[in-house]
Amino acid sequence: MTPKQIQFFIALVFFILGGWALFFPQHVINTVFLPEYREGGRALPFMMACFGVQAYLAGLFAAFSRFTSTTFLAYGIALIPFFIFNYYFTFHDPIFTSMGLIDAVGNVIMLVLCYVGWRKLKAAEKGN
Numbered sequence: 031m032t033p034k035q036i037q038f039f040i041a042l043v044f045f046i047l048g049g050w051a052l053f054f055p056q057h058v059i060n061t062v063f064l065p066e067y068r069e070g071g072r073a074l075p076f077m078m079a080c081f082g083v084q085a086y087l088a089g090l091f092a093a094f095s096r097f098t099s100t101t102f103l104a105y106g107i108a109l110i111p112f113f114i115f116n117y118y119f120t121f122h123d124p125i126f127t128s129m130g131l132i133d134a135v136g137n138v139i140m141l142v143l144c145y146v147g148w149r150k151l152k153a154a155e156k157g158n
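Residue numbers (our numbering): 31 to 158.
Written as structure tokens, this is what we have:
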């Protein structure tokens, strides 16, 4: 797998989960939020769709930027707070159902891809 392909797989996570939030915000709300947090009038679906469009934007950057080994490393490190967020709001102060951990699964996929991309580009740098 080339670094560019790795970038596209990272982008795919954003496109899939972000697209779900953008095009089906109420379905995301009904699936990942505990029942007592599903009511928010029109604001909650609006905010979920905003989250989705932001994820789409991140996916575009991931797909069409030129990643270096440092980019993959920084991207991977930047994912760490999301794991804390997922843990906190699923187990410590629950707002999410267990299905909310689909975000954590996406983050694990991206973290692994960042590691693979970082290793590939680091090896290529050493070869030069």
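Glycine included, C-beta positions come from ideal geometry on N, C-alpha and C.
Between the CA atoms of Phe-102 and Gly-130 - distance to the nearest angstrom = Working through the sequence shown from its first residue, we reach residue 130 at position 100. Working through the sequence shown from its first residue, we reach residue 102 at position 72. Approximately 25 angstroms, taken between the alpha carbons.
Out of Arg-72, Asn-60 and Pro-33, point me to the one whose CA is closest to Ile-125's CA.
-> Sequence index remark: in the sequence shown, residue 125 carries index 95 (1-based). Comparing alpha carbon positions, the residue from Arg-72, Asn-60 and Pro-33 closest to Ile-125 is Asn-60.
Which of the three DSSP states, helix, strand or coil, is assigned to Phe-53?
-> Sequence index remark: in the sequence shown, residue 53 carries index 23 (1-based). Helix, per DSSP.
For Phe-126, does the three-state DSSP call read helix, strand or coil?
-> Within the sequence shown, residue 126 is the residue found at index 96, counting from 1. Strand, per DSSP.
So is Thr-32 buried or exposed if we call it buried at 16+ other beta carbons inside 10 Å?
-> Indexing the sequence shown from 1 puts residue 32 at position 2. Per the 10 Å Cβ criterion, exposed.
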